[in-house]
Amino acid sequence: ASSDHLRHVESMATLPSGAGRIPRLNAVILGDSLASEEDDLVYPSEGFSEQALVSSPEQYLKMYKRSIEDPAGFWSEIASEFFWKTKWGEEVVTENLDVRKGTIKIEWFKGATTNICYNALDRNIEAGNGGKVAIYWEGNEPGHDGQLTYSELLEKVCQLSNYLKDIGIKKGDAVVIYLPMLMELPIAMLACARIGAVHSVVFAGFSAESLAQRIIDCRPKAVLTCNAVLRGTKAIHLKDIVDDALVESAKNGFSVGVCLTYENPLAMKREMTKWQDGRDIWWQDVVPTYSTTCEVEWVDAEDPLFLLYTSGSTGKPKGVLHTTGGYMIYTAMTFKYAFDYKPSDVYWCTADCGWITGHSYVTYGPLLNGATVVVFEGVPNYPDSGRCWDIVDKFKVTIFYTAPTLVRSLMRDGDENVTRYSRKSLRILGSVGEPINPSAWRWFFNVVGDSRCPISDTWWQTETGGFLITPLPGAWPQKPGSATFPFFGVQPVIVDEKGNEIAGECSGYLCIKKSWPGAFRTLYGDHERYETTYFKPFAGYYFSGDGCSRDKDGYHWLTGRVDDVINVSGHRIGTAEVESALVSHPQCAEAAVVGVEHEVKGQGIYAFVTLVDGVPYSQELRKSLVQAVRNQIGAFAAPDKIHWAPGLPKTRSGKIMRRILRKIASKQLDELGDTSTLADPSVVDQLIALSDC
Ligand code: PRX
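For the sequence shown, the residue numbers in UniProt numbering are 9 to 701.
In structure tokens form, the structure reads like this:
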């Protein structure tokens, strides 16, 4: 077992009980110097720990130890809380995480059969919760809303499942979902799961090119979309984007037979929507005509549930594949414990279902627990920056889960937008997507949570399916900016460059020993890339791609990506993807992209661009380069800065030295380091000279 971790938690277990000790943190921004605030422990408030599912370090430790010493027993017990058509055998988990011992393989509960939609809906309804609200939906326009109880949600899901079956979709077939945050998005995911189809949700902010790339890769039998969506004051014509993607995909030899389109009348009338008869079908014309009951397709625990494409360090997005059984119990349990879930909670996660957070913690985790979930179509600053708290008060939200970028942008807009709302229903806050800097943490804690709501800063990834390192809010004191300790069954280790585990207080690369039920099983169609990216860098471990340090008390501090992936507003973007979009521009000869610190977004995208010989610099060209990225990837990946580069700093073997580019981008010119190994050291001076051009 991860003895270092246990030792730390054991020593923490001897801390005097903290309940009631709430240091009222200084609401004035103190700055992010960790050193001076090292000992800032924020204890759960009086009463919170007493009612919590895990109320002390000792209790956590007992459960954690059991989960490490007897993972099969620990997870079997949890799995037994769910419905299985047929049970698993002796072998609960089969795994090999060591490339030296052969193919990487992770299997949990193989041979057992279940259905995640059944467990999320039918099981909760059978338990008497059919009348409980499953989804509160809030539209882009205040006052435009809706809701579905568990029974109503099941009916909608069944109708869509029946339709999908009727058009020939079977177990194992892929379905691409390109929808905004309408109730139809979780409905579509659940409808696929019910019939064993594999959904691949594509975030509706991705461009036609990106959508096409994903369609070509997973070859869906149908695409589910809507004609348009309102985001703030803007209407986005999603169907046009889908049309372009389908043309692109057909050019590449793959034609999609059905494009089921939901009419979103507030955003766009039916008559205005471009249409291809035969392929395009209005959702509202067909789906409601189907039966509201639908038999469940029982699937193996290791049958695929979904594919979700994410960015890596090369240009091609990776299809992360999650299977059914392990993912189901892992998302359910992490949700329950990290948010100390109670049946009376109203839970709101601001993430879009197009990202993993929306899969695990808008749809599956909460619904598996029978929770009431808020789904919000709009944007947090429309009609003004108070919108989130307006929604919190309206639905009496008790658990609010968001990303640090939103916290920072609301913080910048002033406390007034927050304090004019009551927020008294809130009891737990959550953060995800990037490290939360201590000053944003404090503001979130003091201003949004009135210094009484613990913050669950959950560290995890598309690949991990669910939280790996997260506070259990009643169990131990928090440190602003630290994701604290591992979830049950998770063994994090910090390794040095050579892959040696480092003990005690240290910094290094974050790896995980042993599998956990929610882990991804492969990259779709490319198991070799799966092994190379995640298991070869440090043999014997899953490598996260993140840096991490552990302090003297054993708390984990995530320090960001150590590979060529940047994290912009919690969105993961590969620098290579942006570079390839830039060089697709006819006037761009070469591009190198780095992340720079950004006050609100966490990281901003900074692009060095070398133009084709003879092309002059101009503002128009800058704009059209940014547009190229919008077209190829999506608006969220648009570079913040284009820096003209007559040449790029390269080694003699032609490798771009990004370290130098990062220093130039962040104006740390006295830290450029040794430039003598460059093929042409003079390019550095040229770049510096063009900094403000
Ligand atoms: O760098 C880490 C950061 O987000 C990456 C994963 O991105 P993605 O797969 O898109 O999933 C985002 C939602 C889980 C990680 O490698 N990250 C995520 N959560 C945190 C975080 N970094 C620090 N603290 C977090 N709580």
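Idealized CB from N, CA, C, for every residue including glycine.
Proximity test, residue i beta-carbon vs the ligand PRX heavy atom, cut-off 7 Å
i           : result
residue 252 : no
residue 443 : yes
residue 553 : yes
residue 439 : yes
residue 227 : no
residue 465 : yes
residue 468 : yes
residue 235 : no
residue 566 : yes
residue 449 : no
residue 222 : no
residue 364 : yes
residue 580 : yes
residue 575 : yes
residue 278 : no
residue 569 : yes
residue 318 : yes
Residue of the options minimising C-alpha distance to residue i
i           : options            : result
residue 272 : 374, 348, 148      : 148
residue 327 : 266, 471, 397      : 471
residue 455 : 434, 673, 308      : 434
residue 212 : 317, 61, 284, 280  : 317
residue 500 : 289, 108, 524      : 524
residue 613 : 643, 620, 621      : 643
residue 97  : 106, 392, 119      : 119
residue 198 : 361, 91, 540, 290  : 361
residue 320 : 669, 538, 77       : 538
residue 178 : 235, 252, 307      : 307
residue 474 : 427, 373, 483      : 373
residue 688 : 660, 669, 182      : 660
residue 365 : 466, 505, 508      : 466
residue 309 : 603, 92, 631, 555  : 92
residue 188 : 277, 232, 57       : 232
residue 403 : 150, 443, 313, 243 : 150
residue 497 : 241, 81, 303       : 81
residue 124 : 248, 338, 508, 636 : 338
residue 666 : 394, 571, 385, 557 : 571
residue 152 : 274, 225, 670      : 274
residue 121 : 676, 114, 672, 311 : 311
Counterpart residues of residue i in DSSP-defined beta bridges
i           : result
residue 277 : Residue 277 is not bridged to any residue.
residue 702 : A query on residue 702 cannot be resolved here, the shown segment of the chain reaching from 9 to 701 and no further.
residue 531 : 328
residue 509 : 503
residue 492 : 564
residue 267 : 231, 288
residue 102 : 115
residue 145 : 154, 383
residue 239 : 242
residue 310 : None, per the DSSP bridge assignment.
residue 161 : Residue 161 is not bridged to any residue.
residue 718 : Limits of the chain in this structure are 9 at one end and 701 at the other, which puts residue 718 out of reach.
residue 121 : 94, 308
residue 604 : 612
residue 207 : 183, 314
residue 517 : 503, 555
The ligand FMN heavy atom lying under 7 Å from the CB of residue i
i           : result
residue 491 : As presented, the structure is devoid of the ligand FMN, carrying the ligand PRX as its sole ligands.
Exercise for the section: For the segment 644-662 and the segment 595-603, state whether three or more C-beta atom pairs, one from each stretch, are separated by less than 8 Å. Expected result: Segments in contact, yes.
Exercise for the section: Pair every Cβ in the segment 197-208 with every Cβ in the segment 164-174, then say whether three or more of these pairs are closer than 8 Å. Expected result: When C-beta atoms of the segment 197-208 are compared with those of the segment 164-174, three or more pairs fall below 8 Å, so the two segments count as touching.
Practice task
Could you say if the segment 344-361 and the segment 436-453 meet the contact criterion of at least three C-beta pairs nearer than 8 Å?
Solution key: Contact between the segment 344-361 and the segment 436-453 is established, with three or more Cβ pairs separated by less than 8 Å.
Practice task
Report yes or no: do the segment 529-543 and the segment 584-597 share at least 3 C-beta pairs separated by less than 8 Å?
Solution key: No contact exists between the segment 529-543 and the segment 584-597.
Handout entry: the segment 411-418 in contact with the segment 604-618 per 3-pair CB rule at 8 Å
Key = Because the criterion of three Cβ pairs below 8 Å is met, the segment 411-418 and the segment 604-618 touch.
Practice task
Would you be able to state if there are at least three C-beta pairs under 8 Å between the segment 549-564 and the segment 135-153?
Solution key: Result no; under three Cβ-Cβ pairs closer than 8 Å.
Exercise for the section: Count the CB pairs spanning the segment 130-138 and the segment 147-162 that are closer than 8 Å, and state whether there are at least three. Expected result: Between the segment 130-138 and the segment 147-162, the count of C-beta pairs closer than 8 Å reaches three or more; the two stretches touch.
Handout entry: Cβ contact check for the segment 631-646 and the segment 208-225: 3 or more pairs under 8 Å
Key = These segments touch.
Problem - Touch test, the segment 221-236 against the segment 260-274, Cβ-Cβ under 8 Å, three pairs minimum - result: Contact between the segment 221-236 and the segment 260-274 is present, because at least three Cβ pairs lie under 8 Å.
Practice task
Examine the Cβ distances between the segment 388-402 and the segment 425-434 and report whether three or more of them are shorter than 8 Å.
Solution key: Three or more beta-carbon pairs drawn from the segment 388-402 and the segment 425-434 are found closer than 8 Å, and the two stretches are therefore classed as touching.
Practice task
Report yes or no: do three or more beta-carbon pairs, one from the segment 375-388 and one from the segment 353-360, lie closer than 8 Å?
Solution key: These segments touch.
Handout entry: Inter-stretch contact (C-beta, 8 Å, three-pair minimum) for the segment 56-66 and the segment 481-488
Key = Put simply, the segment 56-66 touches the segment 481-488. At least three CB pairs are less than 8 Å apart.
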